[in-house]
Amino acid sequence: MYNNILFDLDDTILDFSKAEEDAISSTLKHIFIEPKPEILKRYSQLNLQQWKLLEKEMTTRAELRINRFQNLFDELNVNYPAKDAAAFYENKLSSGHYFIEGAESVLRTLSQHKSLYLVTNGTASVQRGRLASADIIKYFKNIFISEDIGFNKPAPEFFDYCFSMMNNTDKEKTIIIGDSLSSDIQGGINAGIKTVWFNPERERNNSGITPDYEVHTLKEVIDIAVIDSRL
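First residue of the sequence shown? That's 0 in numbering that gives the first Met the number 0, and the numbers climb one at a time after it.
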């Protein structure tokens, strides 16, 4: 039985992809760029590249926030301050949310019987805004954001901090759920806890990173959380 459940936020509980598209579309319109599908797709790719670099400690958070826009503007031959675009984008992103299907009901159910914790690599101000907008802070015992901690998933130091704030709870009774093999699942492995890969699109795993469980809907997490016991 797992008493302590660590949830990733983006594309696990909240639909970051949809929120990102809305925010970047508003940002591009703000600077008089038509948000064509190919531009939105390219921004998403450049953004993901920056987050992968951050996971590997090959860039900083401050650089990430600017470079994803600077790289896009360079490709589009746009002369606009990337810093200003980043600020506008983050303000838009922090004010909206979309739930992954079943997320709120799963949180509501599990929080009545388990200790839930949020673990996210997102920017602190943005994530807090989205959590407040979604009204789900009430479901968690604590919220851990990498910008506050100073380390990013999958770094062991990130999870060391989390466990220290969780009163060094029993790792054998702790599990992490997330959509990212490289940050959530690898992070759980590094921390010595069981892992659940949330894979709604049923993507093939060619990463070499092996989760303990794989689910395609969040409702399946309830069954895993109560293995060998009742909820």
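Note that beta-carbon positions come from the ideal geometry of N, C-alpha and C, so glycine has one too.
- Per DSSP, reduced to three states, the secondary structure at T168 is coil, with no helix or strand assignment.
- Following the DSSP letters along the chain, one finds V118 in no alpha helix (DSSP H) but inside the beta strand (DSSP E) bounded by residues S114 to T119.
- The DSSP-derived three-state label of L130 is helix.
- From the listed residues I135, D14, N204 and T26, the smallest Cα separation to F72 is found for T26.
- Shown here for R67: same chain residues with a beta carbon closer than 6 Å to its own, the five before and five after excluded, namely L45, N46 and Q49 in chain order.
- Taking C-beta atoms under 8 Å as the contact rule, G101 and T216 qualify, at a distance of about 6 Å.
- According to the DSSP secondary-structure assignment, K193 is paired through a beta bridge with I174.
- The DSSP-derived three-state label of D183 is helix.
- In this structure, the straight-line span from the alpha carbon of E200 to that of I148 is close to 31 Å.
- With respect to the 7 Å criterion, D183 and I175 are classified as neighbours on the basis of their beta carbons.
- Taking C-beta atoms as the reference points, T168 and I144 fail to come closer than 7 Å.
- Under the 8 Å Cβ criterion, the region 54-62 does not count as touching the region 133-141, having fewer than three qualifying pairs.
- Taking a cut-off of 8 Å for Cβ pairs, the region 27-41 and the region 203-213 do not touch, as fewer than three such pairs fall below it.
- Of the residues K170, E89 and W196, the one whose Cα lies closest to the Cα of N3 is K170.
- DSSP places V214 inside the beta strand (DSSP E), whose first and last residues are Y212 to V214.
- When secondary structure is reduced to three states using DSSP, I4 falls in the strand class.
- At a Cβ-Cβ threshold of 7 Å, K140 and S114 count as neighbours.
- Spatial neighbours of A61 in its own chain (CB-CB distance under 7 Å, excluding positions within 5 residues in sequence) are not present.
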